[in-house]
Amino acid sequence: MHDSLATDFLSSSAALCAAVLNLRGEQLAAELGRIARELLASPHGSFVAAGQASALVPGPAADGAAAQLACQVASGATDYGRLVVSGRAAYGEDDARLLAGLAALAASLLKVNDFALRSTQAYLDLEAELSHQAQILDQIHESVLTMDQTGYITSWNKGAERLFGYSAQEAVGRNILFLYADEDPAFHDAFVEQGGRMMEVRRRKKSGEVFWASLSLSPLHDREQRPVGLIAYLTDITERKHAEERLHHLAYYDALTGLPNRSLMAKLVDQALSSAQRKGATACILFVDLNRFKMFNDTLGRATGDELLKQVAQRFKQVLREQDVVGRLSGDEFAVGLFDIREHFEATTVAHKLQAALVEPFLIGGHDLRVGASVGISVYPQDGSDAEALLRVADIAMARAKLGNDDSGDSVTFYSRDMNQGMQERMRLESGLRQALANGELLLHYQPKFEIRTRTMVGAEALVRWLHPQRGLVPPAEFIPLAEATGLIVQLGEWVLEAACAQAARWQAAGLPPFRLAVNVSAREFSAALPARVSETLARYRLDPSWLELEITESTLMHDIERVIAIMDRITALGVSLSLDDFGTGYSSLSYLKRFPIDTLKIDRSFTTGLPFDSNDCAIASTIISIGRQLRHKVIAEGVETRQQLEFLRDAGCDEVQGYLFSRPLPEAAFEAALRAGWADPG
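First residue of the sequence shown: 1, per full-length UniProt numbering; consecutive thereafter.
What follows is the structure in structure tokens.
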């Protein structure tokens, strides 16, 4: 190629590069044609894009010139079009090489340009997708952050900013440990290695506030699926944890004195006895009952009695050692567990210390109150092998200590087996109860339940009564605990379920509007056989399941949770409602409560008695109602006897009430008559 031709080709190449970079469509085609025309000194030149009709080539010139030269512009399998020049008299091999070189250069440039355009668009698409993902991540409430394998934070969403108070600029690049509150980093490392599971942790905000969070970690991988870090998801669960703690305290601690209640006391004693058994050690249980307390409580009022109990509890804690366990069982009854003693007679010294702590008078409300204590002592292992057995016989010993006492002196008595001889009356009562089951001496009374909002009767509780041939009506407080202690409660419960369903079937047949008839189920009855027994009883009386409700106490649900839930599911599958009775006296975890298929929470009467004047009762009742509403359960309060109690419960959001304010338990005939006549509004 001559020097001039080479110079022309280089100039055309530069123009070609500029055209491909800057022009598109028809403008690019026109410029490609111009470059070809100038390079080959042709009157005419054009670029025909692939897929378009062939360009029109001008006709012969006046001098007869009609030559034409064309070359394909292609790269590999990609056809971009053709360069066509015409109008000269003739085109030689040099012309063909020039046009071919120009076409090859154009094809290469077009290919590179296409690739650049696609890459740019792919980058823009990826950038848009990442922007969308970032926006989505920032809009979710949950805090999400990522970290590398050494724990250094690599990303931080808006949720994390809201939760912790640190901006992304403040957090990214720092090690995750700066958010820890009180955890051992080694524990975190162990968790990181496992990954994927949920855990509850304490974290610290920028403000210094420590909170509870639910944490889940997931592995972060690169394109080759190699682990490069972790994704952490955190949710603030502080409110839930506080609710669980409040409920745990309600379940295991006496609201008045702050001491362990009977349920927790039994757990603590059983744990300590396991340790004593391994060591072959001696342990003692002291059952303490205050003298003259009932007189003060009745004459000066409950507020004075409550304050007296609180001060007694404080004095007991002051004289006991740290390793000793003290709890309030009920009323004016306390228990003390001694587990670090060499000989059982050392318990006498502790008993006298407790009595001595009560010698100084209690100054309450301007009154100078003096109380004493009678103490019964049981010894492990000869008097029993578990908490319940030891508490029971210590109670017997305490009752013996009170015998012959003028309620002013104090005494201490160890349990002895001959004390059981004084239980003959109890044995006669047990024998009489067995006969009552066989001889038809039992009957049912019905106490209605009312909806607060409408003041209408929506249900009733079936309560067993014993009509003794000689004694008349025996108080339930005498024979129900006896039935529970002897195991007769199972037969008694079977009789109540049978009698209640039979009566409900008669009301159903008479066309009375259906209502929930509640039957109490004891812990011993709550077995795998219960659902089948309920189903058979309903079928036998052709009773619609909507008539029946089973009331189950919390203590029933505290062991073998999975088995309990399975039994409850089988019962609710029958269409029978479940109510959790005495709520607040024995339950420990919201995580279990939310799994129980119950319809109603029943506030124990011990929490309604002091409403609305006792702040502790108000707080407990309000908390239970709030829990019930959050879990979408109906809430009923029992033991409602005053309008003030009713008004407090109504304002707190309670759904139903049961108590003497509306009606006492009524015999069948009186209950049915009132049911047919309509219940009078107590105002």
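Ideal placement from N, C-alpha and C gives every residue a C-beta, glycine not left out.
Counting C-beta neighbours from all protein chains within 10 Å, is the total for residue i 16 or more, i.e. buried, or is it exposed?
i, result
"histidine 242", "exposed"
"tyrosine 660", "exposed"
"lysine 206", "exposed"
"glycine 258", "exposed"
"residue 687", "Within the shown structure, residues of the chain are numbered from 1 to 683, placing residue 687 beyond reach of any answer."
"methionine 457", "buried"
"glutamine 277", "exposed"
Taking only three categories from DSSP, how would you classify residue i?
i, result
"cysteine 501", "helix"
"cysteine 71", "strand"
"asparagine 297", "helix"
"alanine 77", "coil"
"glycine 45", "strand"
"threonine 282", "strand"
"proline 667", "strand"
"valine 312", "helix"
"glycine 628", "helix"
"histidine 242", "helix"
"proline 481", "helix"
"residue 692", "Residue 692 lies beyond the stretch modelled for the chain, which goes from 1 to 683, so this question has no answer here."
"glycine 337", "strand"
"isoleucine 452", "coil"
"aspartate 306", "helix"
"glutamate 549", "strand"
"glutamine 658", "strand"
Going along the chain, which residues of its own chain have a beta-carbon closer than 8 Å to the beta-carbon of residue i, five neighbours each way excluded?
i, result
"glutamate 641", "Gly659, Tyr660 and Leu661"
"valine 371", "Leu290, Asn291, Arg292, Phe293, Phe296, Leu308, Val312, Leu358 and Phe362"
"glutamine 435", "Glu441"
"residue 755", "Absent from the model: residue 755. The displayed extent of the chain is 1 to 683, so no value can be given."
For the candidate residues the options, whose alpha-carbon lies nearest to that of residue i?
i, options, result
"aspartate 617", "Leu109, Asp306 and Glu388", "Asp306"
"alanine 313", "Ala90, Leu354 and Gly280", "Leu354"
"arginine 328", "Glu343, Arg262, Arg453 and Arg315", "Arg262"
"alanine 673", "Ala483, Leu517, Glu484 and Trp507", "Trp507"
"glutamine 149", "Glu346, Arg202, Gly229 and Gln225", "Gly229"
"serine 274", "Ser385, Ser546, Ala106 and Arg321", "Ser385"
"alanine 266", "Tyr252, Leu256 and Arg278", "Tyr252"
"alanine 232", "Thr282, Ser167, Gly151 and Arg471", "Gly151"
"glycine 678", "Leu492, Arg629 and Pro513", "Pro513"
"serine 108", "Ser75, Ala96 and Arg595", "Ser75"
"glutamine 169", "Glu26, Thr282, Leu145 and Arg342", "Leu145"
"serine 143", "Ser119, Gln491, Glu430 and Ser216", "Ser216"
"phenylalanine 115", "Ala41, Ala30 and Leu21", "Leu21"
"glutamate 360", "Ala397, Ala399 and Arg315", "Arg315"
"arginine 428", "Val412, Leu391, Ala389 and Arg471", "Arg471"
"proline 43", "Pro597, Val84, Leu646 and Gly25", "Val84"
"lysine 279", "Lys317, Val325 and Asp340", "Asp340"
"valine 393", "Ser46, Glu239, Ala335 and Tyr446", "Ala335"
"glutamate 93", "Phe526, Arg82 and Leu69", "Leu69"
Give me, in chain order, the residues of the same chain whose beta-carbon lies closer than 7 Å to that of residue i; leave out the 5 immediate sequence neighbours on both sides.
i, result
"glutamate 498", "Thr537"
"aspartate 236", "Leu163, Phe211 and Ala213"
"alanine 255", "Asn616 and Ile620"
"residue 717", "Here the chain covers residues 1 to 683 and nothing more, so residue 717 does not appear."
Give every residue of the same chain whose Cβ lies closer than 6 Å to the Cβ of residue i, excluding the five residues on either side of it in the sequence, and list them in chain order.
i, result
"methionine 423", "In this prediction, methionine 423 has a pLDDT of 49, which is less than 50 and means its spatial position is unreliable; nothing more can be read from the coordinates."
"residue 697", "The requested residue 697 is not part of the displayed model; the chain covers only 1 to 683."
"residue 685", "One cannot answer for residue 685 here, as it falls past the ends of the chain, which runs 1 to 683."
"alanine 566", "none"
"methionine 398", "Phe287, Asp289, Ser374 and Gly376"
"alanine 61", "With a pLDDT of 42 at alanine 61, under the threshold of 50, the modelled position of this residue cannot be trusted, and the question is left open."
"glutamine 644", "Pro612"
"leucine 492", "Ala483"
"isoleucine 35", "Ser12, Ala15 and Leu16"
According to DSSP, what are the bridge partners of residue i?
i, result
"methionine 198", "Ser216"
"phenylalanine 414", "Ile377"
"tryptophan 156", "Leu145"
"isoleucine 364", "His367"
"arginine 203", "Tyr180 and Phe211"
"aspartate 236", "Ala213"
"glycine 229", "Asp148 and Leu220"
"glutamate 647", "According to DSSP, glutamate 647 bridges with nothing at all."
"tryptophan 466", "Leu442 and Val474"
"arginine 82", "Val48 and Gln72"
"arginine 328", "Phe334"
Beta-carbon of residue i versus every beta-carbon of chain C: anything under 8 Å?
i, result
"alanine 460", "The structure shown contains no chain C; it holds only a single protein chain."
Could you check whether the Cβ of residue i sits closer than 7 Å to any heavy atom belonging to the ligand MG?
i, result
"isoleucine 231", "This structure lacks the ligand MG, and indeed carries no ligand of any kind."
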